[in-house]
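Q: My questions all concern the structure below.
There are 2 protein chains.
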Amino acid sequence: MKNRITLKELARLLNVSVSTVSKALNDSPEISPKTVERVKELAALHKYRPNPTAVNLKSSKSGTIGVIIPNISNSFFANVLSGIEAEAQKKGIQVMTYISNESLEREKQIVEHLTSGFVDGVLIAVAEETQRQKNYDHLKSIIDYNIPVVLYDRIDLEFTADKVGIDDRKVFFDAAQLLQERGRKKIGIATSIHHMGVGKERIAGYRDALGRENPYYIANSAKMDSLREKVTNLLVNEKVDAMLCSDYSSTLMTYRLAYEHGIKIPSQLQVIGFINGSLAGYLTPSISYIDQVPEVIGAGAMEVLLNRINGKMEKPKIKKIIETELIEMESTK
Amino acid sequence: MKNRITLKELARLLNVSVSTVSKALNDSPEISPKTVERVKELAALHKYRPNPTAVNLKSSKSGTIGVIIPNISNSFFANVLSGIEAEAQKKGIQVMTYISNESLEREKQIVEHLTSGFVDGVLIAVAEETQRQKNYDHLKSIIDYNIPVVLYDRIDLEFTADKVGIDDRKVFFDAAQLLQERGRKKIGIATSIHHMGVGKERIAGYRDALGRENPYYIANSAKMDSLREKVTNLLVNEKVDAMLCSDYSSTLMTYRLAYEHGIKIPSQLQVIGFINGSLAGYLTPSISYIDQVPEVIGAGAMEVLLNRINGKMEKPKIKKIIETELIEMESTK
DNA sequence: CTGAAAGCGCTTACAG
DNA sequence: CTGAAAGCGCTTACAG
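As given, the protein sequences belong to chains H and Z, one line each in that order.
Taking the UniProt record's numbering, the leading residue of the first sequence gets 1, the next gets one more, and so forth.
Taking the UniProt record's numbering, the leading residue of the second sequence gets 1, the next gets one more, and so forth.
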């Protein structure tokens, strides 16, 4: 058992005061070069590292941020976390991870924790239930405690905070247009997130592209059974010739249903999905997808948060839009 | 701006000492019921919560554990994290997440951080590079600092610590046997993790099942291009009639290559993969897979770690094996 | 250039 | 039953 050495112990061994040791290690100009050298040498020998808890207590900073993730099974969020963590590592920040599982109750508990002083800032994608109920009081309480909050990805909601995400409306507008350019006449949309802000924006983008004269084909449900039914209806009865899928589940389900009903992709049905790149290329056929660049969103959110923490930003909240890319693969060719 | 209220402030408002307030809030029998009530009332009014950093400093515990994840894009690890986080939440423990990206260098940096006193314990799945180089010195250093370490999932390596994972050898033995029972004669294996302990065990299980008399068909490479070539060779030239895939990438790649070469699943080729359940059912055809119950592994590892931290376990290190299940779907029927 | 003192927000052994 | 004091491991304004 190695016991971590403290300043006090170092001071005793060197026959100087604790203050001197502390200053020497922090390169204070007050201390003579000779002493600095002696101190640093011994510190290195004993592999001294300051106790982070003590430093935090003094500075009333924790060097830690909290990240709230709605659903880690969704690889999009896993990759956002990856971007956050990479950026944190560069800046020497620790990341506390919390998973809300889309639950308002759980989100409240997490926030309760966070406001007790664990973290210097919070990154959050608001849970589905929270958005459905439009209950943002707990989020306000974070801000009341003077802890900066940045919303990532799920940014289309009526809550004032810094936001980092994509332009959901434009992305879907562009995607629908691409399908039109490919000669598709009956374009449907599948979504399990239509009751969330981002979901609504995506549908709005789809409508914008189709225009008033064309009928809309919308399969929307957060319940998988019901979504399955609605998508099947679009594919089999309405015989749409293209599908736009707004999220991971609806993308995979659309693919699966086309397979089950013997509908050929892309000849009979073109598909654009929201799915991560590594999976997109493996699907059969490979699927055209919108690369949401999750790592970039994560890193961007982290950057905004750090600027906010360090007081480097103007008062008004900002909205940072990350550019996405539509990657064409077999499903639209 | 709400400033967090402190014990001192509370004491001032109540005209008692800080000690009294502290004891009252901690239900010390020393304090009169009346005082306890007064104190608690005011504390509740001001939503007092103890500063965790100060409490940590006193107790020299952080109530935090560190989790090192090799690769978060792999949904298996994302789900393990989910299990860890859920268990942590129950026990009131915070989780610091670190992603090694399979890099030894990064893993060393993370450990450097962890040993400076941030955490009470560490959960780790050792990075690929680390295992390849068998360089475990940094892990030993965690233990030297008296911080308990539990290895999860990647447990077949020569490093003594508590371990929680699955019986990789048996799982693959059983899977290969199932394919034999289904009448398959030429069973191949695809793996991108053959140089890791778990990968070796899986191949060993496959060999055990085939026995000495049958030829082995092994496609192994950590490089995707090279793996693609080797799997193609098994499928097209060797004409294997079943494939066992040891990990996420090799599973998806095998499926994709069968599709590209017009090989029908399951009639011409039966496949068993390592992939998460939600994806397995959506693939076309749906794929039989080994459910590694990642959440259970995460929760189990957390439990062992907490017991270790609280000194509730005997000296010798333990190995906890989690039961898996083979879920049959269309690809083996 | 060095050190004693105060303090970050708590807990707890000790005295009264 | 209450409070003063010491201490967890640091930093820093102040004195010398």
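We put the CB at the ideal spot given by N, CA and C, even for glycine.
1) Take the Cβ of H/K230 as the centre, count every other Cβ of all protein chains shown within 10 Å, and call the residue buried at 16 or more, exposed below.
2) Residues of chain Z with CB closer than 7 Å to the CB of H/F118, please, in chain order.
3) Let's test the definition: count the other Cβ atoms within 10 Å of the Cβ of Z/M1 and tell me whether it reaches 16, buried, or not, exposed.
4) Under 8 Å Cβ to Cβ from Z/Y259, same chain only, skipping five residues before and after it: list those, please.
5) According to DSSP, H/Q270 sits in a beta bridge with which residue or residues?
6) Under a three-way DSSP split, which group does H/N220 fall into?
7) Counting only beta-carbon atoms, is Z/S100 nearer than 8 Å to chain H?
8) Going along chain H in order, which residues have a C-beta closer than 8 Å to the C-beta of Z/A242?
9) In the region 60-85 of chain Z, which residues sit with their C-beta less than 7 Å from some C-beta in chain H, listed in chain order?
10) Is it the case that the region 302-322 of chain H contacts the region 281-290 of chain H, given that we only count it when at least three CB pairs across the two stretches are under 8 Å?
11) At a CB distance below 8 Å, what residues from the UniProt domain "HTH lacI-type" (5-59) of chain H approach chain Z? Give them in sequence order.
12) Look at the alpha carbon of H/A125 and the alpha carbon of H/A161, and state the distance between them as a whole number of angstroms.
13) Taking any Cβ of chain H, which residues in the region 218-251 of chain Z have a Cβ under 7 Å from it, in chain order?
14) If the cut is a Cβ gap below 7 Å, which residues of chain Z does H/Y206 touch?
15) Any beta carbon of chain Z sitting closer than 8 Å to that of H/M253?
16) Which bits of chain H does Z/S103 rub up against, with CB to CB less than 9 Å?
17) So, helix, strand or coil for Z/K312, using DSSP?
18) Helix, strand or coil for H/T332 per DSSP?
19) Give me the Cα-Cα distance between Z/S100 and Z/H113, rounded to the nearest whole angstrom.
20) Measuring from the CB of Z/N307, is there a heavy atom of the ligand HEM at a distance below 7 Å?
21) Could you check whether Z/K170 and Z/G205 sit closer than 8 Å to each other, using their CB atoms as the reference points?
22) Please work out which residues of its chain come closer than 8 Å, Cβ to Cβ, to H/G281, disregarding the five sequence neighbours upstream and downstream, and give them in chain order.
23) In three-state terms, what does DSSP make of Z/M253?
24) Rounded to whole angstroms, what's the CA-CA distance from H/Y216 to H/K312? Just pull it up for me.
25) Can you confirm whether H/T324, when its beta carbon is compared against all beta carbons of chain Z, has any partner nearer than 8 Å?
26) When the distance is taken between beta carbons, is Z/L123 closer than 8 Å to Z/I65?
27) Along the region 276-296 of chain Z, where does the CB come closer than 9 Å to a CB of chain H? Name the residues.
28) Please tell me whether Z/R256 has its Cβ less than 8 Å away from any Cβ of chain H.
29) Between the C-alpha atoms of H/D174 and Z/A176, what's the straight-line distance to the nearest angstrom?
30) Going by C-alpha distance, which of H/E128, H/N310, H/F77 is nearest H/H195?
31) Using only alpha-carbon positions, find the residue among Z/V16, Z/E37, Z/K61 that is nearest to Z/P148.
32) For H/T130, which of helix, strand or coil comes out of DSSP?
33) Return no unless some Cβ of chain Z is closer than 8 Å to the Cβ of H/M313.
34) So is H/T191 in contact with chain Z if we call contact Cβ pairs under 8 Å?
35) Please decide whether H/M1 counts as near chain Z, where near means a Cβ-Cβ distance under 8 Å.
36) Between H/N56 and Z/P52, what straight-line distance do the alpha-carbon atoms span, to the nearest angstrom?
A: Taking the definition as stated:
1) As a position in the first sequence, residue 230 of chain H is number 230, starting the count at 1. That one is buried.
2) The residue you call residue 118 of chain H lines up with position 118 of the first sequence. Correct list: P52, Q94.
3) Within the second sequence, numbered from 1, the residue matching residue 1 of chain Z stands at position 1. For Z/M1, the predicted structure reports a pLDDT of 45, less than 50, and the residue's modelled location is therefore unreliable. The matter cannot be settled from this model.
4) Against the second sequence, residue 259 of chain Z aligns to sequence position 259. Close CB contacts of Z/Y259 within its chain, under the 8 Å cut and outside five residues either way in sequence, are absent.
5) In the first sequence, counting from the first residue as 1, residue 270 of chain H sits at position 270. H/A242.
6) Taking the first residue of the first sequence as position 1, residue 220 of chain H is located at position 220. Strand, per DSSP.
7) Here residue 100 of chain Z corresponds to residue number 100 of the second sequence, with the count starting at 1. For Z/S100, the closest Cβ of chain H is not nearer than 8 Å.
8) The sequence position of residue 242 of chain Z within the second sequence is 242, counting from 1. None at all; the shortest Cβ gap to chain H is about 19 Å.
9) Here the close residues are S62, I72, S73, S75, A78, N79, L81, S82, E85.
10) Not touching, per the Cβ criterion.
11) R49, P50, N51, P52, T53, A54, N56, L57
12) Sequence index remark: in the first sequence, residue 125 of chain H carries index 125 (1-based). Sequence index remark: in the first sequence, residue 161 of chain H carries index 161 (1-based). C-alpha separation (whole angstroms): 12 Å.
13) none
14) Position 206 of the first sequence, counted from the first residue, corresponds to residue 206 of chain H. Those within 7 Å of H/Y206 in chain Z number zero; the least Cβ separation is about 23 Å.
15) Translated into the one-based positions of the first sequence, residue 253 of chain H becomes position 253. It does; some Cβ of chain Z falls within 8 Å.
16) Along the second sequence, read from residue 1 onward, the residue named residue 103 of chain Z stands at position 103. By Cβ distance, chain H contributes nothing, its closest Cβ being about 11 Å from Z/S103, past 9 Å.
17) Working through the second sequence from its first residue, we reach residue 312 of chain Z at position 312. DSSP places Z/K312 in coil when its eight states are reduced to three.
18) For the purposes of this step, residue 332 of chain H is taken as residue 332 along the first sequence, with counting starting at 1. In this structure, DSSP gives H/T332 a helical state, which the three-state scheme calls helix.
19) Walking along the second sequence from the start, residue 100 of chain Z turns up at place 100. Walking along the second sequence from the start, residue 113 of chain Z turns up at place 113. Roughly 13 Å between the two C-alpha positions.
20) As for the ligand HEM, it is missing from this structure, which has no ligand bound.
21) Taking the second sequence and counting its residues from 1, one reaches residue 205 of chain Z at position 205. Taking the second sequence and counting its residues from 1, one reaches residue 170 of chain Z at position 170. Closer than 8 Å, so yes.
22) Here residue 281 of chain H corresponds to residue number 281 of the first sequence, with the count starting at 1. The residues are M329.
23) For the purposes of this step, residue 253 of chain Z is taken as the residue at position 253 of the second sequence. Residue state, collapsed to three classes: helix.
24) For the purposes of this step, residue 216 of chain H is identified with residue 216 of the first sequence, where counting begins at 1. For the purposes of this step, residue 312 of chain H is identified with residue 312 of the first sequence, where counting begins at 1. So the alpha carbons of these two residues sit roughly 46 Å apart.
25) Within the first sequence, residue 324 of chain H is the residue found at index 324, counting from 1. Not closer than 8 Å to any Cβ of chain Z, the Cβ of H/T324 fails to qualify, so no.
26) Mapped onto the second sequence, residue 65 of chain Z falls at position 65. Mapped onto the second sequence, residue 123 of chain Z falls at position 123. With contacts defined as CB atoms closer than 8 Å, Z/I65 and Z/L123 qualify as a contacting pair.
27) N276, S278, L279, G281, Y282, L283, T284, P285, S286
28) The count along the second sequence starts at 1 and reaches residue 256 of chain Z at position 256. It does; some Cβ of chain H falls within 8 Å.
29) Counted from its first residue, the first sequence places residue 174 of chain H at position 174. Counted from its first residue, the second sequence places residue 176 of chain Z at position 176. The straight-line gap separating the alpha-carbon atoms of H/D174 and Z/A176 is approximately 47 Å.
30) On the first sequence, residue 195 of chain H is found 195 positions in, with the first residue counted as 1. Nearest of H/E128, H/N310, H/F77 to H/H195, Cα basis: H/E128.
31) The residue labelled residue 148 of chain Z in the question sits at position 148 within the second sequence. With distances taken between CA atoms, Z/P148 lies nearest to Z/K61 out of Z/V16, Z/E37, Z/K61.
32) Position 130 of the first sequence, counting from 1, holds the residue named residue 130 of chain H. H/T130: helix per DSSP, three-state reduction.
33) Residue 313 of chain H sits at position 313 when you count from the first residue of the first sequence. Taking Cβ atoms only, chain Z never reaches closer than 8 Å to H/M313, which makes this a no.
34) Residue 191 of chain H sits at position 191 when you count from the first residue of the first sequence. No Cβ of chain Z is located within less than 8 Å of the beta carbon of H/T191.
35) Counting from 1 along the first sequence, the entry for residue 1 of chain H is found at position 1. Annotation note: pLDDT 45 at H/M1 (below 50); position unreliable, coordinate value reported separately. Answer yes: the Cβ-Cβ gap between H/M1 and chain Z drops below 8 Å somewhere.
36) Mapped onto the first sequence, residue 56 of chain H falls at position 56. Mapped onto the second sequence, residue 52 of chain Z falls at position 52. So the two alpha carbons sit approximately 10 Å from each other.
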